[in-house]
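Chains as they are written, first to last, in this note's numbering: chain A, 1 to 526; chain B, 1 to 526.
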């Protein structure tokens with residue numbers, strides 16, 4: 001029987017809070033610093049490693065975090081989750097996104113259906129469909145091959161798949177697995193759909209309509225937008241569109257689509273990149289084998305998240321350090337800084353995954369809690385960020401914990417040697433330099449040129465961004481967020497906070513408003 | 001004689017801090033709420049308006065903010081700035097970006113040069129060059145027209161111009177002023193340049209190399225990358241490249257470029273969108289007339305920033321409310337949320353403009369200060385953000401002040417009517433709904449469905465995003481940041497915090513490292 005307790009009731013948290021803080025600037029000096037870099041590191045899957053030397057922790061604090069993990073029963077809770085318990089208590093749902101890429105525990109059977117088999121079956125159906133499209137067996141009405149795939153979806157149906165597509169686009173081109181260009185339409189702003197439609201050849205485009213419920217306002221509106229455009233071009237919309245939805249949704253059995261692929265209520269939108277939501281567009285863009293490799297990377301990393309030793313469980317330790325920074329050190333934000341242009345939208349995906357999961361003020365029983373939960377997440381790729389907001393990170397009045405990501409090798413492999421080093425070496429040199437600059441700072445008589453240091457960071461280092469390492473990276477962060485939700489005792493898998501806005505927007509459109517809402521509606525000419 | 005005093009020494013700040021806080025949730029109820037929406041609003045330039053009804057202020061607090069503006073001599077400081085005083089004291093430089101788009105005060109003459117004439121002269125040179133490119137008078141070696149312009153620059157030479165390009169791309173297409181597609185290369189990650197080069201036809205591309213100093217590592221590296229690619233394609237690089245730099249830079253008189261256009265040390269990178277840095281790429285992409293209209297919008301908004309009445313000075317009041325939220329209410333972040341897909345990268349630009357300007361811990365005399373300065377800035381377009389991080393904004397444990405932007409009309413004008421409303425109406429209904437949902441919240445017996453409310457926001461509303469209104473929008477935020485810097489008594493125009501990382505990266509590349517820096521370099525195989 002698992003105990004779900006608030007963080008501030010745990011003795012191990014009180015113990016953690018009483019530990020003497022690490023003076024990071026001192027800890028990272030000289031040979032002791034070098035020793036930390038070597039020791040405060042652990043392997044991840046697919047050649048990645050997690051290094052936390054520049055975090056404000058020491059052996060004593062890590063031991064206290066391990067005690068917290070134990071008292072909060074993090075391993076047991078994850079086990080319950082992957083064995084199919086109702087972890088999303090608010091919505092009374094299982095939480096099964098890990099099952100889309102592997103099986104960590106027992107068979108999960110719901111309503112007589114083995115869920116692993118269900119997800120694998122959908123993946124297989126998508127693979128067969130994608131192969132037929134690539135082979136020219138499924139074509140437009142004129143028998144011509146589709147060249148472009150356009151995902152229509154918002155939130156989890158957009159950010160994750162889009163970030164993954166951008167992460168692998170150049171890799172696929174270099175490795176000759178690039179099949180179709182992908183585009184994305186998400187915003188209800190009509191300029192989004194119109195802009196994308198103006199940039200493609202609709203006659204050779206296949207649209208993937210993604211909505212679990214089949215009722216998402218933005219997505220249905222954009223579907224109509226696209227259907228109008230297809231019709232105006234003299235095309236049969238039903239021959240250009242597939243659906244990704246749940247089996248019970250109005251889209252599931254419609255003849256409006258060439259095919260429908262399914263996910264279910266046990267896959268949250270922000271955790272759906274490994275389900276049909278990411279699977280359809282990524283398999284069409286890069287081929288089903290690439291998507292399968294991505295899943296394998298994620299599954300491999302998932303296994304590490306079951307480790308009971310926090311020093312061998314990267315997601316769990318990353319999560320615990322984050323809780324320490326948030327609830328003991330009192331730091332309200334976290335920046336995600338990938339030194340990889342291919343990961344340009346990965347921070348935006350994590351922004352959703354993290355903030356929508358853990359931006360909660362009640363525990364999983366709906367009771368108000370007395371401590372802070374999920375931080376604000378933001379980030380841009382380095383080195384770009386260095387020439388942008390790093391000024392505040394280095395010399396601002398607030399400390400922002402940092403999560404770096406870096407790879408030893410580029411994806412495309414094209415490079416130039418300038419002033420004795422390649423661009424890739426310059427990129428890597430910059431991330432190494434930043435970690436040390438943030439941690440150690442630099443004194444200067446001119447206080448304007450002084451760097452206080454003591455600004456904590458960790459880094460995930462990989463050989464190269466590939467389908468496998470991307471999958472592992474995604475899994476790491478999904479599991480980190482899950483563990484933090486467990487520690488905070490919140491339900492990381494619902495999102496009641498998005499409802500009120502929807503309700504009020506409907507009132508505005510129905511002209512059923514008064515007071516301030518009517519006044520704003522008037523200002524905006526609605 | 002201007003007095004530069006720390007915020008915490010000002011009596012008006014002490015007075016402000018003692019004011020009773022507004023209970024926003026109550027203030028925004030019923031007819032009083034509607035009254036606030038009508039009254040707490042002021043016109044901006046180019047049909048925009050600034051509405052601060054949903055900010056946690058009342059007449060008494062606004063009066064106290066007006067007193068603060070007076071005691072902090074905000075008008076006088078702005079006047080000194082635009083009349084050419086050395087406002088960037090650390091680097092002993094004038095601050096003249098407003099002069100690229102208009103003249104608010106006296107002639108500014110430096111080293112015998114009238115700076116307004118200098119900036120206008122460069123704008124004219126760019127216009128002539130762009131017109132010749134568009135007319136096919138300046139072509140590639142084969143006499144064929146250039147079809148693509150590629151900006152090579154990072155930080156201020158990238159984020160602002162890129163955000164402005166994206167903001168006007170669809171507008172220009174609809175209004176038949178779209179001349180050339182623009183692409184951007186910024187990151188030293190070789191996959192950035194390689195990816196862009198793979199996506200264009202280099203034989204018909206014109207590259208704009210942008211570096212004020214002519215020494216930016218990333219930009220020079222990417223220049224070599226591009227020159228290599230041009231050479232490999234059998235092309236003469238010097239016939240495909242122009243430079244935007246300062247007159248004293250090594251790039252200025254090089255025969256490597258078709259032409260060079262100049263800015264100077266008095267235009268900070270993050271404030272350079274209106275100078276040649278933005279001017280070259282935007283004039284080439286959309287025609288010089290569009291760029292000129294953009295400047296006129298910015299100049300018109302600048303004029304409003306000189307108003308001595310805070311109730312008629314949108315940038316100043318916006319700035320003061322931000323200071324109140326940061327230094328009295330203690331809120332560490334601000335989200336920028338444009339309900340316009342065209343503004344998708346505007347938040348990333350403001351992230352640099354704001355965080356690099358005011359993320360400082362010393363005052364303009366280099367003395368440590370005892371209060372917080374610039375907040376963390378982040379944001380994504382709505383409605384996308386609603387399906388992402390808004391959960392935390394609504395129900396998270398921390399309050400994040402919000403800055404909405406919305407337009408009554410779309411840019412492209414293509415729309416569909418679904419369920420009785422257009423996409424544009426849905427977009428506007430959503431932003432109206434969000435403001436009220438954040439401010440007023442909603443009670444519920446189920447605490448998981450309860451919204452506390454009391455979450456402050458303002459909104460800038462426009463008719464349509466055009467070159468003029470985009471210019472006004474940019475000016476508003478630049479001036480807001482400037483006023484906040486004045487209040488915090490920091491130098492908003494230097495960025496010493498970016499230096500240490502550069503120095504250490506050079507050491508890594510020269511293999512002159514020890515301790516932690518060597519250990520990280522080893523991990524990254526440098």
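The beta carbon of each residue, even a glycine, is placed where N, CA and C say it ideally should be.
- Classified as buried, residue 411(A) has 16 or more neighbouring CB atoms from the shown chains inside 10 Å of its CB.
- The C-alpha of residue 150(B) lies about 8 Å from the C-alpha of residue 281(B).
- The distance from the Cβ of residue 99(B) to that of residue 355(A) is about 41 Å, inconsistent with a contact at the 8 Å cut-off.
- Distance from the Cα of residue 175(B) is smallest, within the candidate group 287(B), 239(B), 225(B) and 64(B), for 287(B).
- No Cβ of chain A is located within less than 8 Å of the beta carbon of residue 478(B).
- For the options 336(B), 341(B), 330(B) and 66(B), the alpha carbon positioned closest to that of residue 371(B) is the one of 330(B).
- Within the region 16-28 of chain B, the residues whose Cβ lies closer than 9 Å to any Cβ of chain A are, in chain order, 28.
- For residue 95(B), the nearest beta carbon of chain A is not closer than 8 Å to its own beta carbon.
- In the three-state DSSP reduction, residue 42(A) falls in the strand class (E or B).
- Going by beta carbons, residue 225(A) and residue 423(B) fall inside the 8 Å limit.
- With respect to residue 267(B), residue 257(B) sits apart: the two C-beta atoms are not nearer than 8 Å.
- With contacts defined as CB atoms closer than 8 Å, residue 233(B) and residue 203(B) qualify as a contacting pair.
- Contact between the region 162-176 of chain B and the region 345-353 of chain B is present: three or more C-beta pairs spanning the two stretches fall below 8 Å.
- Residue 236(A) and residue 435(B) have their C-alpha atoms spaced approximately 40 Å apart.
- In this structure, residue 364(A) lies near residue 491(A), with their beta-carbon atoms less than 8 Å apart.
- Residue pairing by DSSP places residue 150(B) opposite 183(B) and 207(B) in a beta bridge.
- Below 8 Å, too few C-beta pairs join the region 272-281 of chain A and the region 6-20 of chain A to call them touching: fewer than three.
- For residue 246(B), the enclosing beta strand (DSSP E) has its first and last residue at 241-246.
- Against residue 188(B), the close residues of chain A are 383, 423, 426, 427 and 430, in the order they occur along the chain (beta-carbon pairs closer than 8 Å).
- Within the model, the alpha-carbon separation for residue 212(B) versus residue 264(B) is close to 7 Å.
- CA-CA distance, residue 108(B) to residue 313(B), rounds to 24 Å.
- Of the other Cβ atoms in all chains shown, fewer than 16 fall within 10 Å of the Cβ of residue 238(B); this residue is therefore exposed.
- Under the 8 Å criterion on CB atoms, residue 261(B) is classed as non-interfacial with respect to chain A.
- Going by beta carbons, residue 421(B) and residue 509(A) fall inside the 8 Å limit.
- With contact defined as three or more Cβ pairs closer than 8 Å, the region 139-154 of chain B and the region 105-123 of chain B are not in contact.
- Here DSSP, grouped into helix, strand and coil, assigns residue 28(A) to coil.
- Not a single CB atom of chain A sits nearer than 8 Å to the CB of residue 330(B).
- If you check the CB distance, residue 501(B) and residue 131(A) do not come in under 8 Å.
- Taken in chain order, the whole beta strand (DSSP E) runs of length 3 or more contained in the region 416-503 of chain B are 457-462.
- For residue 366(A), the CB contacts under 8 Å within the same chain, skipping 5 residues up- and downstream, are 90 in chain order.
- Going by C-alpha positions, residue 77(B) is about 18 Å away from residue 311(B).
- Residues of the region 154-180 of chain A with a C-beta atom less than 8 Å from some C-beta of chain B are 154, 155, 156, 158, 159, 169, 170 and 173, listed in chain order.
- Under the 10 Å beta carbon count, residue 417(A) is surrounded by fewer than 16 other beta carbons and is classified as exposed.
- Under a 10 Å Cβ-count criterion, residue 511(A) is classified as exposed, with fewer than 16 other Cβ atoms of the shown protein chains found around its own Cβ.
- Judged by DSSP in its simplified three-state form, residue 219(B) adopts helix.
- Distances from the CA of residue 80(B) to each of 467(B), 103(B) and 68(B) were compared; the closest alpha carbon is that of 103(B).
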